[in-house]
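Residues in the sequence shown are numbered consecutively from -11, following my numbering.
Every residue, glycine too, gets a C-beta built ideally from N, C-alpha and C.
Have a look at the structure below, then the notes.
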Amino acid sequence: MGFTTFGLSDHIMKGIGAAGYTVPTPIQLLAIEPAVAGRDIIACAQTGTGKTAAFVLPILHHLASGTGLHAGGKLPRALVLTPTRELCQQVQLAVAKYGKFVSLRSTSIYGGAGMEQQIKALRRGADIIVATPGRLLDHMQRKTVDLSGIRILVLDEADRMLDMGFINDVRKIIAAIPSQRQTMLFSATISADIKTLAANILRDPQTVQVGERRNPAETIIQHFYNAPQGSKIDLLVHALEAEHMQSVLVFSRTKHGADKISRRLERTGIASAAIHSNRTQSQREKALEGFKEGKFRVLVATDIAARGIDVSGISHVINYDIPQYPEDYIHRIGRTGRAGASGDAITFVAREELQYLTRIEKFVGKRYMVNAYPGFTAAPQHAQMQSHVSPPSRSGRTAPQHDNKRHPQSGRTATHHDDKRHPQSGRTAPHNDKRYTPQPGRKKPDHKKMESYSSDSGGAGWSNY
Ligand code: AMP
């Protein structure tokens, strides 16, 4: 489903098109419609879900169409409060981007920047103000801003705003805004404090929630393989060939990386395309169409570019680079195993990426084993390189040299799973996991003989490499 169903004006649709969006994200699907209808919204959504457009597009819609929102004159009509200066700038950029073809003015008001510039911008007049609470209060006290015309209020990342101690500032600001307004509260978590705040400032809100999913669909089988950074590309080619994967979405952390992977696959004779924000709209469309039609067996994407990808029948998701944020892991692997179909999610884990695996484990509440990929041997120079890397242990234990953990027969880095209980969850590690894949024809590594090191600087490590 596209953006056309929301009843947004052509000018706003043009802005969305110029931003390169074709498919609304889940939070946009849930929030835009009631927000356009004028409802108060309480939305549970994390950064990266597309939440900004979920409130900015309705603001643009209301202000540009002017339905009942005219406060007259130059007074600002919409206010977005954000906890940080960075987010404030980011949101204002989003307003400018989505509102490129709409004649509305916006300005950002945040601390650490000159007052004079902000006063001038406010004097010139702004329809939309994006502000951090402290600096906005400064302006209110100096009477350099008048909030009596505000008809739409957004609290973005409200939980963070409370964590940072802005609650009193927020209350004072809200007290200066007309009570006849539309209010939207966005928060990554909905705590008791957020509920209390919402009860005080929202009227009959529509609650929408995304991004809270912590459990990957049961239809997705997850595999983690150890992969020294330098041998990931060889492992990818090996895996694609060994498993006859048909429709594969590969995630790269960087745009440059995505291009490199795709070019290398092409050279190996594996039809592939890359999709990321540096590619033109038509290149992206071509890549996506080709992937959907089966012309490309592999689509290499960055997280951001992958947001608009809505392709059914992806058999494998491969995290070439393990994501830094667990939410991204859940989103990524959710691209396969859709609508009850089965799918495989494969994650390559380099030694220096173990900390991210630990984050995922904590988030999901499960431990995962990192195995050696059956039948794959990292090029010797990589193995050698690895042996010089000191494991990132703060546990006080002496980290084993990589060589110590070589598989007795293969000479490869051994994979093993610690028997211990998870220090935090207390759960027993699933060491009888069917996904444990010892090297074909070789004995399972002897865990007792091998040392382990913590995968996590916080001491919650148990995954061994
Ligand atoms: P946000 O959660 O609002 O910070 O958005 C995260 C990223 O997703 C931003 O880089 C947006 O540009 C991008 N984004 C938002 N909506 C869409 C969409 N419908 N399609 C593709 N990308 C999007």
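Rounded to whole angstroms, GLY153 and GLY99 show a C-alpha spacing of 15 Å. In this structure, DSSP gives GLY(-10) a state outside helix and strand, which the three-state scheme calls coil. In the structure shown, ASP181 adopts helical secondary structure according to DSSP, grouped into three states. LEU287 has its alpha-carbon roughly 10 Å from the corresponding atom of GLU277.
Assignment of TYR213 by DSSP, reduced to helix, strand and coil, places it in the strand class.
Separation of the CB atoms of VAL358 and VAL337 is rounded to 5 Å, and the pair is thereby assigned contact status at 8 Å. GLU341 sits buried, since 16 or more C-beta atoms from the chains shown fall within 10 Å of its C-beta. Between the alpha carbons of ARG323 and VAL299 lies a gap of roughly 8 Å. If you draw a 10 Å sphere on the C-beta of ARG251, you find fewer than 16 other C-beta atoms in it, and that means exposed. The C-alpha of ILE208 lies about 13 Å from the C-alpha of GLY301. If only complete runs of 3 or more residues are kept, the region 293 to 369 shows the beta strand (DSSP E) at 304 to 307, 331 to 337, in order along the chain.
Between ASP115 and the set ASP134, ASP147, LEU125, the nearest pair of CA atoms involves ASP134.
DSSP places ILE20 within a helical segment (H, G or I) once states are collapsed to three. Rounded to the nearest whole angstrom, the C-alpha separation of THR70 and THR132 is 19 Å. The three-state reading of DSSP puts LEU(-4) in coil, since its state is none of H, G, I, E or B. Taken from the Cβ of GLY87, every heavy atom of the ligand AMP lies 8 Å or farther away.
Distance check between ALA294 and each of ARG27, LEU237, ALA42 places LEU237 closest, using alpha-carbon atoms only. Looking from the CA of ARG159, the closest CA among GLY137, LEU143, GLN170, PHE174 belongs to LEU143. In the DSSP annotation of this structure, the continuous segment of the alpha helix (DSSP H) that includes MET128 starts and ends at 121 to 130. A contact between stretches requires three or more CB pairs, one per stretch, nearer than 8 Å, and the region 41 to 48 meets this requirement with the region 81 to 91.
Annotated three-state conformation of LEU287 is strand, per DSSP. Counted as a single uninterrupted DSSP element, the beta strand (DSSP E) harbouring ILE30 occupies residues 29 to 32. Taking a contact as a CB-CB distance under 8 Å, the pair VAL198 and PRO14 counts as one, their CB atoms being some 4 Å apart. Taking every protein chain shown into account, the CB of THR40 has 16 or more other CB atoms within 10 angstroms, so this residue is buried.
Remark: the shortest separation between the CB of ALA41 and any heavy atom of the ligand AMP falls under 8 Å. For VAL133, the three-state secondary structure derived from DSSP is coil. When secondary structure is reduced to three states using DSSP, GLN80 falls in the helix class. For LEU141, the enclosing beta strand (DSSP E) starts and ends at 140 to 143. The Cβ atoms of ALA66 and SER219 lie no closer than 9 Å to each other. Residue environment analysis places GLN16 among the buried positions, since at least 16 neighbouring C-beta atoms fall within 10 angstroms of its C-beta. Taking 9 Å as the cut-off, the beta carbon of LEU18 is found closer than this to the beta carbon of ALA42. ILE258 carries a coil assignment under DSSP once its states are collapsed to helix, strand and coil. Of the heavy atoms belonging to the ligand AMP, at least one sits nearer than 8 Å to the Cβ of ALA7. In this structure, LEU223 keeps its C-beta atom at 9 Å or more from the C-beta atom of LEU253. Where MET103 is concerned, the enclosing alpha helix (DSSP H) starts and stops at 103 to 112. Residue burial annotation: ARG112 is exposed, with fewer than 16 other C-beta atoms found within 10 angstroms of its C-beta.
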